[in-house]
Every structure is written in C-alpha cells, then in structure tokens.
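Peer 1: One structure follows; several queries about it will come next.
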Amino acid sequence: MANSILAYSSSPHVKNPKTTKSIMIDVCIALLPACVMGVVYFGLKALLILVLAVLSAVASEFIYQLICGKKFNQITKDFDFSSCVTGLLLGMVLGAQSPWYVPVLGSAFAIIVVKMLFGGTGKNLVNPAITGRIFVFMSFTAILTSGWVLPKIGLIGGGNAMVNPETGATILTNTFDAEYGHLLSVSNLDLFLGTGIVGCIGETCKLALLVGAIYLAIKGVINIIYPLIYVAVCGLTSVALAGFDFSWFLPSILSGGLILGAFFMATDYVTTPNTTLGNVIYFILLGLLTAGLRFATKIEVVSFVILLGNLVVPLIDKFIINKPFGALKKAKKKGA
Amino acid sequence: MSLRKGKNYPYGIHVPDKKALTANAVIEKMPAPKKVYLSMSQHIGAPAIPVVNVGDKVNKRQLIGEASGAISANVYSSICGTVTAIEDIVTGNGQKMKYVVIENDGRTDEIFFDQIKDFEPDTIIERIRLAGIVGLGGAGFPTAVKLKPATKLNALIINGAECEPYLTCDYRLMIENTEDIYRGIKYAARALGINRIIIGIEANKPNAIKAFEKYPDLEVVVLKKQYPMGSEKHLIYCTTGRKVPCGKMPFDVGVCVQNIKTMIAVKHAIEDNKALSSTVLTVSGEGINTPKNLRVQLGTPLEDIIAYCGGAKEGVTKVIAGGPMMGKGLISLTSYTRKTDSGFLFLTEGETSLKSSTNCINCGMCAKNCPMRLMPMYIESFAIAGDYLGAEKYGAMNCIECGSCAYNCPAKRSLVQSIQSAKFHIKEMKKNGK
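Protein chains in written order, with the working numbering: chain A, 10 to 345; chain B, 59 to 492.
Here it is as structure tokens:
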C-alpha cells in the first residue's frame with residue numbers, strides 16, 4: 010500500500026450509490042409496463058414506433074456529441090440513459106398509426122434542439138419529450154389526430170365507445186364535446202385499463218402507468234405526492250367546472266394523457282422547482298390549467314400545460330427559496 | 059436519571075453507519091512510538107511557540123509549546139526523549155506546520171501538575187487552559203475560552219451523538235470510562251455555574267444510554283439516528299428546542315456544547331493533574347487488517363498506527379483523517395496524531411466514491427436534505443461563476459459543511475468543495491472591506 014497513490018477529494022468520502030444513470034434506468038424500467046400494454050393493445054406497429062423513437066433519440070445524442078468533437082469512447086462512458094427516457098416517452102405519446110418518420114423526427118428534435126443545444130442533460134429549460142411531441146403534433150396534425158388504431162381488446166366494462174377511428178380523436182375529446190353533465194357511456198374500468206379505448210401507445214393503460222409510478226416512488230426517484238396533487242386538483246377542478254357533478258371526477262383524470270403526464274413528465278427533475286413549496290405550487294398550477302384549458306378548448310392539453318408550467322419554474326425558483334435553519338425573522342444578518 | 063426522547067428534526071440524511079467494524083473493540087493502549095511529531099497547531103487559533111531546543115531532554119507531559127495568545131493552546135510532550143528537530147513539515151492533509159520531533163529514549167518519567175486546592179470556577183478554568191485542552195470533537199477550540207462565556211448560560215450539553223459513520227471512539231469511551239466523563243462534566247458545569255446538564259446520545263448506542271442513566275443529575279436525551287445529529291446547532295435544537303440564529307453561537311441561546319473526549323481530558327487535568335498528551339482514535343475501514351479503537355500518544359505517526367493494526371490491505375484507495383462525511387482526505391501517509399483527530403479510515407474503492415461529476419439535473423435532493431435548509435445547487439453555481447455575493451445571498455456562510463448534499467447528489471457534484479470555496483472568498487471580501 011505504501012507505494013500506491015491515494016485518491017484525494019473533498020469530503021464527503023462516502024456517497025449514495027444512486028447516480029443520474031441509475032435514476033434514468035429506473036425511469037425506463039418504470040415505463041416498461043405501459044409500453045408492454047401499448048404493444049399488447051395496438052400490435053407490433055406500436056413496438057416499432059417505440060423502438061424507432063428510442064433509437065433516434067440515442068443516435069441523435071451520439072451524433073451531436075461526435076460533431077462537437079467528443080470521443081466515441083467518452084460518449085459511451087458518459088451515456089446516462091436520459092435520451093432513452095426521452096425517446097420512450099415520445100414514442101408513448103404517439104398513436105400507433107404514426108408513420109415511421111414521426112418518432113424519428115420527434116426524438117431528433119427533442120434531443121438536439123431541446124436538450125443538447127442548451128447544454129445536455131440537466132440544462133434543458135423544458136421537457137424534451139413533451140416539446141418533441143408538440144413539435145410533431147404541430148407539424149403532422151392531420152396524420153396524428155385521425156386514423157387511430159383500434160385496440161385489440163374491446164370494451165370489457167359495458168357501454169358504448171363512441172369513437173370513430175377515422176375522424177374521432179381520443180375518448181377525451183368525445184367526453185368534453187358532449188354537453189355538460191352528459192357523459193359518454195364508457196365505464197371507468199375501461200378508461201383505467203385502456204381496453205377498447207383508442208389513444209396513444211403508452212397512455213391508455215392507466216394501471217400499467219401507476220404500477221411504474223409506484224416503482225419509482227418506492228425507489229425514491231419521485232415523490233408520489235406531487236403528481237397526486239396534480240391529478241387531484243385537475244379532477245376536482247373538472248368537477249367544479251361541470252357544476253359540482255362528481256361523476257366527472259374519474260373520467261377527467263382517467264382520460265387523455267393526464268396520468269402519464271403527471272407521473273412521468275411533470276415530475277422530470279430538470280424542469281420542476283427545487284423546493285417543497287415550489288413543487289406544490291407548480292403541481293397545483295398544472296392541475297388548474299389542465300382542467301381549465303380542457304374545458305375551454307375541448308382538446309387534450311396536458312402536454313401544452315406541462316410545457317407552460319416548465320417555463321414558469323424558473324420564476325417559482327426565483328421567489329421561493331428555503332429559509333436557512335435559524336434565519337432571523339427580520340432582515341437576515343450574516344457573519345461578522 | 060431522567061431519560062427522554064429528543065425533538066424531531068425533519069431535515070437530515072441516513073448514512074449506513076458501518077460502526078459494527080469497531081463497536082465492540084475495547085480501547086487498546088498503543089505502546090509509545092519510537093518517535094513522535096508534535097504539531098504546534100493542534101487547535102483553532104494561533105500556533106503554540108516551541109519552548110524547547112534541539113538536543114533538549116524532555117520528560118513525558120513536559121511543556122514543549124506555549125500558547126501564544128488568547129485563542130491558542132499549550133502542547134506537551136507525549137513521551138520521554140530527546141528533541142531531535144523543530145521543523146516545518148507538509149503533512150498528508152496538505153498543510154505545512156511547525157513540528158517538534160522527539161525521539162523516545164525509553165524512560166518513563168512523567169511530570170504532573172500540583173494538586174488543585176480549591177475547586178472554584180476560575181481555578182478549574184485555569185487548569186484546563188494550562189493542560190492544553192481543546193475541543194476534541196474536531197474543531198479544536200480552546201476549552202478554557204469556551205468555559206468563560208460573555209453571557210450567563212443555563213445548560214451544558216454533552217455531545218454523545220457521534221453521528222459520523224465508522225467512528226466508535228466516543229461510544230467506547232461512554233461505556234468504558236463513564237465515570238471519568240461524568241466527573242469531567244461536573245467540573246465543566248461547575249466552571250460554568252450551570253446546574254442543568256444534558257447529554258445527547260443517538261438511539262443506535264443503547265449501551266451508552268444505559269451507562270449514563272444511573273446519574274440522577276444528568277438529563278439523557280435519546281436522539282434519532284440521523285446525520286448530522288452531532289452538529290452543534292442540531293444537537294441544541296433536538297435536546298432543548300432552541301434554535302441558534304444564523305451567524306450566532308451556542309452561547310447566544312444560553313448553552314455550551316462539549317465533547318465526550320474533552321470531558322475526560324478535563325477530569326484527568328483536574329483530578330489526576332495530567333496535561334493532555336494522548337487521545338482515543340478509531341482506526342477502521344475495509345482497508346485495514348484489524349480495525350481497532352486505540353489510545354495513542356499525541357504525535358504518533360500514522361504509519362506506526364497502521365503497523366499496530368496489522369497493516370493496510372491492498373486496494374486502499376482513500377485514507378481519511380476523521381469521519382467519512384466531514385474528515386479530511388490524506389494525500390500521503392505522512393501524518394501525525396493531533397489532539398483533534400477522532401479516527402483514521404482506510405477505505406477501499408467499494409466503500410468510497412470516486413465517480414466524476416456530471417451535469418446537475420436539478421433534482422433538488424441537496425436542498426431537500428440540507429440540515430441548514432440551504433440550497434446548495436445555487437450556491438454551487440454561484441461559486442463556480444465567481445459570484446460570491448450571490449452565494450452569500452443564498453446563505454453560503456450558514457453552511458456547516460456536513461456533506462449531506464453531496465452524499466445524496468446523483469450527479470456526484472462536489473457541492474461541499476464549491477461551498478467551501480465560496481465561504482473562503484466571502485471571508486476574503488469581508489476582510490478587504492468590500
């Protein structure tokens with residue numbers, strides 16, 4: 010030992026084994042159940058879209074860094090799986106009818122424009138997956154909002170799914186197109202399981218998403234309270250907007266991309282506030298905006314709301330700061 | 059006699075304590091080494107001034123370095139021998155300090171103080187000052203100064219938390235030398251004129267709690283096992299509910315906090331008339347062959363300690379003076395035991411973390427866990443950008459450098475290092491009158 014060179018660094022000398030990479034791998038694992046259900050419901054085309062989205066995201070990251078002059082070995086060594094998360098999320102919020110170039114372009118935009126140009130992992134201002142989704146929806150609106158693939162498993166909770174695969178959008182549109190107080194007869198069970206419901210690959214099976222969210226909560230990656238605040242506020246605001254008709258509560262939280270958005274997208278570390286109070290404000294704001302804008306526009310707004318919320322985060326972080334332990338009540342007096 | 063639970067404090071972290079390596083290792087007295095290297099700066103404040111010359115024969119507990127100012131401490135020889143050198147040495151922690159080197163000649167002559175006649179506060183404090191006693195928990199603040207506060211205090215708190223992982227020397231002393239600690243505490247309380255004595259012990263040391271239960275005049279407070287419970291401000295809050303305001307000291311809320319080892323040194327100085335010349339260390343980590351708790355003479359070279367503990371294993375990547383959360387890493391084994399040392403740890407690659415840092419992902423773990431309720435990620439970015447005023451605005455000066463932020467950082471950022479640098483620059487700015 011006398012001849013060996015000692016490593017030197019500042020304290021602390023022991024650290025939690027959790028790293029950015031391990032967290033990102035956990036998120037990928039948590040997303041898998043919903044992806045599997047998406048493939049079960051919508052077939053191998055769905056799998057192709059997910060794979061293309063992930064491959065495009067990872068390739069974009071590698072190519073961007075190679076162009077920036079980083080050595081290939083170093084890129085592989087530093088690879089932190091965050092682009093896998095972005096790619097998976099993007100693939101999950103596309104419909105199974107999407108042509109191959111949609112996930113490819115969406116992922117490339119998300120990684121290169123939204124993430125890498127701002128400085129890579131942790132430096133992005135807004136959530137890459139959400140911005141990528143908005144980018145492709147703006148660019149290919151007609152293709153992405155029609156021609157939905159019908160799921161392989163039909164309704165199991167009774168009722169009638171008034172969905173026209175050619176023109177109709179998701180169940181959510183139909184729900185809110187209906188008159189106030191009049192709900193479509195799709196059971197909450199079908200909404201929860203995603204059976205017989207058209208929609209995006211990873212959004213329809215709420216059960217699978219919740220399983221993933223619970224995994225993340227147990228692993229300590231997310232604080233499950235925050236997305237629950239989002240979902241609850243959104244549901245209660247919908248109830249209030251519908252004239253305190255509580256039968257709106259479950260359909261409004263189980264339809265559309267709310268569960269996926271709340272548990273996996275809004276909780277993205279990079280684009281959430283840094284304080285407990287800031288997070289509570291942020292998630293309440295998201296809930297209010299989601300319910301309000303859904304009623305105003307009659308379309309699915311979760312991704313737009315999260316994008317908007319992301320942009321408010323720096324403002325929340327500027328004004329909401331923790332008070333140091335023992336901070337004086339009046340003007341803070343420091344040092345000698 | 060009175061036993062109660064400490065107040066809950068919600069911010070802090072849980073670190074695997076690894077104390078099992080040495081928790082049952084009875085304190086062994088390590089034989090005096092061939093040579094001791096006594097630093098003249100084993101405390102906070104001005105270094106002591108050597109009062110011996112090269113070639114002088116000295117006895118054990120003979121004064122060799124004299125305190126030079128109000129905040130300073132005497133240094134005594136820890137062996138009998140001949141002074142062979144008085145020189146500046148750069149040690150493993152990177153600091154250059156003046157050392158008095160004494161070669162052991164095998165004699166056992168010892169020098170004692172005179173027996174104290176009365177136990178008045180001033181006599182006690184003067185003896186503590188004379189004996190060179192400083193805060194042995196790590197800070198090294200002269201104890202005599204601490205026992206003469208400007209304001210009247212009403213509680214003496216003994217820090218038995220020992221929240222740093224691996225370290226068990228305080229724990230062993232609490233069960234092996236309970237009576238000595240108790241007597242030391244009584245002298246300290248007498249010096250302060252305080253009746254209320256609180257001893258805070260973490261819940262993972264039931265034997266230590268049991269040992270102190272028998273004293274009717276001690277309030278034993280069982281603290282939650284949480285890091286950093288041994289931090290002065292948090293110990294005060296959890297035992298008394300008082301919050302030390304930012305930028306203030308414990309005496310501002312009427313308390314004085316003392317360390318276990320310091321209390322033993324006080325007892326030895328007053329009853330046994332002995333100057334401070336040895337300390338108790340934990341030598342631990344997966345990288346040492348036989349982890350031990352040792353009583354060693356001050357100035358003992360680290361290499362002698364390693365040899366006494368059966369040598370270090372292959373694969374040691376880091377050697378630390380102190381605990382793993384706040385201790386200083388050593389760049390070489392050129393290190394000599396000082397009063398403030400509480401342990402030497404030999405960590406293998408699996409125990410320590412050598413991962414390089416990546417981008418901050420804004421997860422907020424650092425702010426969530428910070429026991430001082432600071433926002434380390436902002437202070438770090440201010441420090442890196444050189445905006446020290448910004449760092450100060452976010453409370454950098456309140457940082458206790460406990461390492462809770464960096465422990466949990468998934469990006470493995472050197473948060474503590476950045477904050478230390480910010481604190482240094484803020485102090486410089488203040489000094490230069492900006």
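Ideal Cβ positions, reconstructed from N, Cα and C, are used throughout, including at glycine.
On a Cα-Cα basis, can you pick out the residue from A/TYR291, A/LEU103 and A/LEU263 that is closest to A/LEU61?
Peer 2: On the first sequence, residue 61 of chain A is found 52 positions in, with the first residue counted as 1. Ranking the options by Cα distance to A/LEU61, first place goes to A/LEU103.
Peer 1: Starting from the C-beta of A/VAL279, find all residues in its chain whose C-beta is less than 7 Å away, skip the five residues before and the five after it, and write them out in chain order.
Peer 2: Counting from one through the first sequence, the residue named residue 279 of chain A turns up at place 270. The residues are GLY131 and ASN133.
Peer 1: Ignoring anything shorter than 4 residues, give me the alpha helix (DSSP H) runs that lie fully in the region 408 to 438 of chain B, in order along the chain.
Peer 2: Within the region 408 to 438 of chain B, the complete alpha helix (DSSP H) runs of at least 4 residues are 423 to 427.
Peer 1: Take every Cβ of the region 336 to 355 of chain B, pair it with every Cβ of the region 84 to 96 of chain B, and state whether three or more of those distances are shorter than 8 Å.
Peer 2: With a cut-off of 8 Å, the region 84 to 96 of chain B and the region 336 to 355 of chain B count as touching, because enough Cβ pairs lie within range.
Peer 1: Could you confirm whether any beta carbon from chain B is found closer than 8 Å to the beta carbon of A/LEU15?
Peer 2: As a first step, residue 15 of chain A must be located in the first sequence, where it is residue number 6. Output row for A/LEU15: interface = yes.
Peer 1: Is the region 310 to 327 of chain A close to the region 248 to 255 of chain A, with three or more CB pairs under 8 Å?
Peer 2: Not touching, per the Cβ criterion.
Peer 1: For a test of the three-state rule: what should DSSP assign to B/TYR95, helix, strand or coil?
Peer 2: Reading the second sequence from its first residue, position 37 is the one you call residue 95 of chain B. Of the three classes helix, strand and coil, the one that applies to B/TYR95 here is strand, per DSSP.
Peer 1: Following the continuous alpha helix (DSSP H) through A/PHE304, name the residue where it begins and the one where it ends.
Peer 2: The count along the first sequence starts at 1 and reaches residue 304 of chain A at position 295. Unbroken alpha helix (DSSP H) run through A/PHE304: 285 to 306.
Peer 1: Between A/MET101 and A/CYS44, which are expected to be in contact by the criterion C-beta below 8 Å, what is the C-beta distance as a whole number of angstroms?
Peer 2: Taking the first residue of the first sequence as 1, we reach residue 101 of chain A at position 92. Taking the first residue of the first sequence as 1, we reach residue 44 of chain A at position 35. The pair is a contact, with the Cβ atoms about 7 Å apart (cut-off 8 Å).
Peer 1: In the DSSP assignment, what are the bridge partners of B/LEU403?
Peer 2: Looking up residue 403 of chain B in the second sequence gives position 345. BP columns for B/LEU403 point to B/SER342 and B/ILE378.
Peer 1: So the alpha helix (DSSP H) B/SER393 belongs to, where does it begin and stop?
Peer 2: Counting from 1 along the second sequence, the entry for residue 393 of chain B is found at position 335. That residue, B/SER393, is in no alpha helix (DSSP H); it is neither H nor E in DSSP.
Peer 1: Is the beta carbon of B/LYS489 sitting closer than 8 Å to the one on B/THR80?
Peer 2: Position 431 of the second sequence, counting from 1, holds the residue named residue 489 of chain B. Position 22 of the second sequence, counting from 1, holds the residue named residue 80 of chain B. Contact flag unset, no.
Peer 1: For B/GLY127, which residues from the same chain have a beta carbon less than 6 Å from its beta carbon, with the 5 sequence-adjacent residues on both sides left out?
Peer 2: Translated into the one-based positions of the second sequence, residue 127 of chain B becomes position 69. Answer for B/GLY127: ALA104, listed in chain order.
Peer 1: Please classify B/THR348 as buried or exposed, where buried requires at least 16 other C-beta atoms within 10 Å of its C-beta.
Peer 2: Within the second sequence, numbered from 1, the residue matching residue 348 of chain B stands at position 290. Label assigned to B/THR348: exposed.
Peer 1: Are there 16 or more other CB atoms within 10 angstroms of the CB of B/HIS326, so buried, or fewer, so exposed?
Peer 2: Position 268 of the second sequence, counting from 1, holds the residue named residue 326 of chain B. B/HIS326 comes out buried.
Peer 1: Just curious, the alpha helix (DSSP H) that B/GLY368 is in, first and last residue?
Peer 2: Within the second sequence, numbered from 1, the residue matching residue 368 of chain B stands at position 310. Element bounds for B/GLY368: n/a, residue is neither H nor E.
Peer 1: Since B/CYS418 meets chain A, which of its residues come closer than 7 Å, beta carbon to beta carbon?
Peer 2: Here residue 418 of chain B is taken as the residue at index 360 of the second sequence, counted from 1. Near B/CYS418 (Cβ distances below 7 Å), the residues of chain A are GLY131.
Peer 1: What does DSSP give as the partner residues of B/LEU281 in its beta bridges?
Peer 2: The residue you call residue 281 of chain B lines up with position 223 of the second sequence. DSSP lists B/GLU260 as partners of B/LEU281.
Peer 1: Could you check whether the Cβ of B/TYR273 sits closer than 8 Å to any Cβ belonging to chain A?
Peer 2: Within the second sequence, the letter at position 215 stands for residue 273 of chain B. Closer than 8 Å: no.
Peer 1: In three-state terms, what does DSSP make of A/THR28?
Peer 2: As a first step, residue 28 of chain A is located in the first sequence; it is residue number 19 there, counting from the start. Coil, per DSSP.
Peer 1: Along the alpha helix (DSSP H) that carries B/TYR157, what are the first and last residues, could you check?
Peer 2: Counted from its first residue, the second sequence places residue 157 of chain B at position 99. Segment 154 to 162 is the beta strand (DSSP E) holding B/TYR157; no alpha helix (DSSP H) there.
Peer 1: Specify the secondary structure class of B/CYS221 as computed by DSSP and reduced to three states.
Peer 2: Within the second sequence, residue 221 of chain B is the residue found at index 163, counting from 1. Correct three-state label for B/CYS221: coil.
Peer 1: Can you tell me where the beta strand (DSSP E) with B/CYS314 in it begins and where it stops?
Peer 2: In the second sequence, residue 314 of chain B corresponds to position 256, counting from 1. Residues 313 to 317.
Peer 1: Of the choices B/GLN475, B/GLY453, B/ALA78 and B/ALA189, whose alpha-carbon is the least far from that of B/GLU344?
Peer 2: Position 286 of the second sequence, counted from the start, is the residue given in the question as residue 344 of chain B. Nearest C-alpha to B/GLU344: B/ALA78.
Peer 1: Between A/PHE334 and chain B, is any beta-carbon pair separated by less than 8 Å?
Peer 2: Locating residue 334 of chain A in the first sequence gives position 325, where the first residue counts as 1. By this cut-off, A/PHE334 is an interface position.
Peer 1: Please classify A/GLY203: is it buried, with 16 or more other beta-carbons within 10 angstroms of its beta-carbon, or exposed?
Peer 2: One-based indexing of the first sequence puts residue 203 of chain A at position 194. Buried, because 16 or more other Cβ atoms sit within 10 Å of the Cβ of A/GLY203.
Peer 1: Considering only C-alpha positions, which residue in the set B/ASN217, B/TYR67 and B/ARG119 is nearest to B/LEU334?
Peer 2: Residue numbering aside, residue 334 of chain B sits at position 276 when the second sequence is read from its first letter. Among B/ASN217, B/TYR67 and B/ARG119, the Cα nearest to that of B/LEU334 is on B/ARG119.
Peer 1: So the candidates are B/ALA443, B/GLU161, B/ALA249 and B/MET433; which of them puts its Cα closest to the Cα of B/MET321?
Peer 2: Counting from 1 along the second sequence, the entry for residue 321 of chain B is found at position 263. Of the candidates B/ALA443, B/GLU161, B/ALA249 and B/MET433, the one whose C-alpha sits nearest the C-alpha of B/MET321 is B/ALA249.
Peer 1: What is the DSSP secondary structure of B/ASP75, counted as helix, strand or coil?
Peer 2: For the purposes of this step, residue 75 of chain B is identified with residue 17 of the second sequence, where counting begins at 1. Coil, per DSSP.
Peer 1: Does the region 209 to 223 of chain B come within contact of the region 234 to 254 of chain B, defined as at least 3 CB pairs closer than 8 Å?
Peer 2: Touching, yes.
Peer 1: Please look up how many angstroms separate the CB atoms of B/ASN117 and B/CYS304, rounded, as I've assumed it's under 8 Å.
Peer 2: Taking the first residue of the second sequence as 1, we reach residue 117 of chain B at position 59. Taking the first residue of the second sequence as 1, we reach residue 304 of chain B at position 246. Actually they are not in contact, since the Cβ atoms of B/ASN117 and B/CYS304 sit about 48 Å apart, beyond 8 Å.
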